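Here the sequence shown stands for residues 2 to 186, numbered as in the numbering used here.
Positions of the beta carbon are idealized from the N, C-alpha and C atoms, including for glycine.
The model shown is predicted, which means the values in this text are computed figures rather than measured ones.
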Amino acid sequence: MADMKAALIAAMTKAGITDPDERAMIAAIAGGESGFAPQTEMSYAHTPNVRIRQIFGTRVPADDAALNALKADDREFFDAVYGGRYGNRPGTDDGYTYRGRGPFQLTFRGNYDAIGKAIGQDLVGNPDLVNDPVIGAETAVAYIKARYHGGGFNMMLACVGWNTPDMRRRKTQLYQQFKASGEFA
Numbered sequence: 002m003a004d005m006k007a008a009l010i011a012a013m014t015k016a017g018i019t020d021p022d023e024r025a026m027i028a029a030i031a032g033g034e035s036g037f038a039p040q041t042e043m044s045y046a047h048t049p050n051v052r053i054r055q056i057f058g059t060r061v062p063a064d065d066a067a068l069n070a071l072k073a074d075d076r077e078f079f080d081a082v083y084g085g086r087y088g089n090r091p092g093t094d095d096g097y098t099y100r101g102r103g104p105f106q107l108t109f110r111g112n113y114d115a116i117g118k119a120i121g122q123d124l125v126g127n128p129d130l131v132n133d134p135v136i137g138a139e140t141a142v143a144y145i146k147a148r149y150h151g152g153g154f155n156m157m158l159a160c161v162g163w164n165t166p167d168m169r170r171r172k173t174q175l176y177q178q179f180k181a182s183g184e185f186a
């Protein structure tokens, strides 16, 4: 965790993000998304269906039996919820291949491509690079720089998306903690 935090501080500094409030916001989102432990999005096979529907909405079957069958196969599940969207090519395993990774849970082939180009890494060819603390921190910062144009914490949260109520609370708590402590300033 310490390596990820140090890498995030270094990436923000390198990118010219010096505002303590913005740094606390970025850190809070990374902490809320990954707990500062970059990782690949895991299986939903044992996740309650109500939680899956809270996260993915109408991209999953409304019928419990159909959803249980879908979530039993990780490749099929991720291809169903992420396939054919934001650069993921229909009829491929792009949904599975470009599922969430890293401190911000970078998702979708289009994001891997754009952010990879922004940081000078082939993330499309090697998506697991996003789990490297230094590269992951750079992806998180590049992602925010490309999408956030001011407006405070709620606007930055909107840039990342899929903020279920519990995730939003966690990120908000971390933001207030990091803002008060100055840990990322």
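### Message
On the criterion of 16 or more Cβ atoms from any shown chain inside 10 Å, does Lys118 qualify as buried, or is it exposed?
### Response
exposed
### Message
By alpha-carbon positions, which one of Ala81, Tyr176 and Val125 ends up nearest to Gly58?
### Response
Selection Ala81, Tyr176 and Val125 evaluated against Gly58 yields Ala81 as nearest (Cα-Cα).
### Task
Kindly identify the DSSP beta-bridge partner or partners of Leu107.
Arg102
### Task
Compare the C-alpha of Asp20 against each of Arg170, Ala138 and Lys146 and name the closest.
Lys146
### Task
Just mark Val51 as buried or exposed, buried being the case when its beta carbon has 16 or more other beta carbons within 10 Å.
exposed
### Message
Is the separation between the beta-carbon of Tyr99 and that of Tyr113 shorter than 8 Å?
### Response
yes
### Message
Can you tell me whether Lys15 is buried or exposed? The criterion is at least 16 other CB atoms within 10 Å of its CB, across all chains shown.
### Response
With fewer than 16 Cβ atoms within 10 Å of its Cβ, Lys15 is classed as exposed.
### Message
Assuming contact is defined by CB atoms lying nearer than 8 Å, are Phe105 and Val161 in contact in what I supplied?
### Response
yes
### Task
Please determine, among Phe154, Leu71 and Thr41, the residue with the shortest C-alpha to C-alpha distance to His47.
Of the candidates Phe154, Leu71 and Thr41, the one whose C-alpha sits nearest the C-alpha of His47 is Leu71.
### Query
Would you say Asp22 touches the ligand PLP, meaning its beta carbon is less than 7 Å from a heavy atom?
The ligand PLP is absent from the structure shown, which contains no ligands of any kind.
### Message
Assuming contact is defined by CB atoms lying nearer than 8 Å, are Asp95 and Gly84 in contact in what I supplied?
### Response
yes
### Query
Where does the unbroken alpha helix (DSSP H) through Ala28 begin, and where does it stop?
Pro21 to Ser35
### Query
In terms of alpha-carbon separation, which member of Gln55, Ala141 and Asn132 lies closest to Ile116?
Relative to the Cα of Ile116, the nearest Cα in the group Gln55, Ala141 and Asn132 belongs to Ala141.
### Query
From Met157 to Arg148, what does the alpha carbon distance come to, in whole angstroms?
8 Å
### Query
Is the beta carbon of Ala29 less than 8 Å from the beta carbon of Leu175?
yes
### Query
Applying the criterion that 16 or more other CB atoms from any shown protein chain within 10 Å of the CB defines a buried residue, is Met13 buried or exposed?
buried
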